[in-house]
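**Student:** Next up is a structure, given as structure tokens.
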Amino acid sequence: MIRRFSCEFVSPFSKISLPTDITLHHTELSPPSRAILLVAKVLGIKLELKNVDMPNGEHLTPEFLKINPQQTVPVIVDSGVAVYESHAIAAYLCDSYAKDDKLYPRDHVKRAHINARLHFDTGYLFAQFSALFEDIFVYGATEAPPKVLTHLRKCYDIMERFLESGPFLCGDHLSIADISCITTLTSVESFVPIEKSRHPKLVKWIATMKSFSFYELNRTGAHDVQEMMRNKMKENKELAEGSAEKTN
Ligand SMILES: N[C@@H](CCC(=O)N[C@@H](CS)C(=O)NCC(=O)O)C(=O)O
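See the structure below:
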């Protein structure tokens, strides 16, 4: 089902929605999909939304394979051109449609720092979300694995250090790195609550990000995906206890 993405939502940076022909294949539970919703909102870009039915394997179909050989969401199709990997999509949207370069500066040094944070999201932060999700849904975890929790704490430590140079992950200005990281962090943070005493800058950054009007597009999905993981762990536990009883 294709749904028109309403842009009457007011972004702090752009109030007019640009007429584009972009379809976003996504699911609300996916942090990188939500990152694209937020970036589009900030840029004032109108998107056609196509929900991908992942539980029923829609991302594994030959049609989907044509737009993304990785078989992941999000993917955008812009006038026939498919772009996948959320960080590449966010950069593409900025390069193609941003009215200024605030969110993804063209300056090579600034851009290098933002790229580094985007890779941090892929390689460190989102990797923990992904590991947790897979452990629960594929391997039947009944509790969040300690290894993932340890790595998550390390991510918090790293982000606290990023924030030493300013209120945002790359200094004084909001960038696509902040948007990518906030959607991931808020999809997993309840598993290792962030303490103000240990990560004061991170707590402040989260509050700042949540205060932007565009953040509303992240709120429900971030909450629901964590609830879904908790419910599944409970179900896994009941199943494990049931089969243990049977063998006794
Ligand atoms: N690095 C990718 C990650 C994409 C990703 O792993 N998406 C998940 C949903 S959150 C997915 O589509 N998983 C499907 C699968 O792995 O089968 C990005 O930023 O787009």
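FYI, in the numbering used here the residues of the sequence shown are 25 to 272. For glycine and all other residues, C-beta sits at the position ideal for the given N, C-alpha and C. Predicted, not measured: the structure shown is a model, and the values here were computed from it.
Over the uninterrupted beta strand (DSSP E) stretch that includes E72, give me the two end residues.
**Tutor:** Its beta strand (DSSP E) spans residues I69 to N75.
**Student:** When you compare the region 219-238 with the region 154-173, are there three or more beta-carbon pairs, one atom per stretch, that lie closer than 8 Å?
**Tutor:** The region 219-238 vs the region 154-173: no contact.
**Student:** Would you report the Cα separation of K225 and P86, rounded to the nearest angstrom?
**Tutor:** The alpha-carbon atoms of K225 and P86 are separated by roughly 45 Å.
**Student:** For ligand 1, any of its heavy atoms closer than 7 Å to the Cβ of T146?
**Tutor:** At least one heavy atom of ligand 1 is nearer than 7 Å to the Cβ of T146, so yes.
**Student:** In this structure, does DSSP put V172 in helix, strand or coil?
**Tutor:** Helix.
**Student:** Pick from A165, V63 and Q152: whose alpha carbon is nearest that of S120?
**Tutor:** For the residues A165, V63 and Q152, the minimum Cα distance to S120 belongs to V63.
**Student:** Cα separation between A268 and H137?
**Tutor:** Cα to Cα, A268 sits roughly 51 Å from H137.
**Student:** Measuring only the C-alpha atoms, how far is E251 from I206?
**Tutor:** Distance between the alpha carbons of E251 and I206 is about 18 Å.
**Student:** Suppose you measure from the CA of K65 to the CA of F157; what does that come to, to the nearest Å?
**Tutor:** Taking the straight line from one Cα to the other gives about 27 Å.
**Student:** Cα-Cα, which of V162, G147 and R254 is closest to T208?
**Tutor:** Measuring from the Cα of T208, the nearest candidate turns out to be G147.
**Student:** What residue does the beta strand (DSSP E) around D102 start on, and which one ends it?
**Tutor:** First-last of the beta strand (DSSP E) with D102: V99 to D102.
**Student:** Measuring CB to CB, does H143 end up less than 8 Å from V97?
**Tutor:** No, the Cβ-Cβ distance between H143 and V97 is not below 8 Å.
**Student:** For T85, verify whether its CB is less than 7 Å away from any heavy atom of ligand 1.
**Tutor:** False, no ligand heavy atom lies under 7 Å from that Cβ.
**Student:** Which residues in the same chain have their Cβ closer than 6 Å to the Cβ of S54, if we skip the five residues on either side of it in sequence?
**Tutor:** Excluding sequence neighbours, S54 sits near V97.
**Student:** If you draw a straight line from the C-alpha of A106 to the C-alpha of L48, how long is it?
**Tutor:** Computed Cα separation, rounded: 10 Å.
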